[in-house]
Amino acid sequence: MSGENSPYLEPTEFLDWQHESVRDFVASATRGAVDDTTKAIAIFTAVRDSIWYDPLHRDR
Numbered sequence: 155m156s157g158e159n160s161p162y163l164e165p166t167e168f169l170d171w172q173h174e175s176v177r178d179f180v181a182s183a184t185r186g187a188v189d190d191t192t193k194a195i196a197i198f199t200a201v202r203d204s205i206w207y208d209p210l211h212r213d214r
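Numbering-wise, the numbering used here comes out as the position in the sequence shown, counting from 1, plus 154.
Structure below.
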């Protein structure tokens, strides 16, 4: 990645990718993936299938 993308790769309030639970989730989801494309698909699928999201009924 180039330096120009650095601000977009920082952890945020909404996604702290450095947090242990996020790293564990990603490691579990990508176990056995051999390339970046396969990893991205595995993470997408794990988030889609494992994390409940209903934008019409927010708790916040």
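Just so you know, even glycine gets a beta-carbon here, dropped at the ideal spot from N, CA and C.
For I195, the nearest candidate out of E174, S175, V180 and D208 (CA to CA): Here residue 195 refers to the residue found at position 41 when the sequence shown is read from its first residue. Ranking E174, S175, V180 and D208 by CA distance to the CA of I195 puts V180 first.
Pair within 8 Å by beta-carbon distance, A200 and A183: The residue you call residue 200 lines up with position 46 of the sequence shown. The residue you call residue 183 lines up with position 29 of the sequence shown. Yes, the pair counts as a contact, with Cβ atoms nearer than the cut-off.
8 Å Cβ cutoff met for P165 and Q172: Here residue 165 refers to the residue found at position 11 of the sequence shown. Here residue 172 refers to the residue found at position 18 of the sequence shown. Remark: C-beta atoms of P165 and Q172 approach each other more closely than 8 Å.
Euclidean distance between Cα positions of Y207 and R185: Here residue 207 refers to the residue found at position 53 of the sequence shown. Here residue 185 refers to the residue found at position 31 of the sequence shown. Taken atom to atom, the span from the alpha-carbon of Y207 to that of R185 is near 24 Å.
Distance, D203 Cα to R177 Cα: Taking the first residue of the sequence shown as position 1, residue 177 is located at position 23. Taking the first residue of the sequence shown as position 1, residue 203 is located at position 49. Cα-Cα distance, rounded: 17 Å.
Where H167 falls: helix, strand or coil (DSSP): Indexing the sequence shown from 1 puts residue 167 at position 13. According to the sequence shown, residue 167 is Glu rather than His. In this structure, DSSP gives E167 a state outside helix and strand, which the three-state scheme calls coil.
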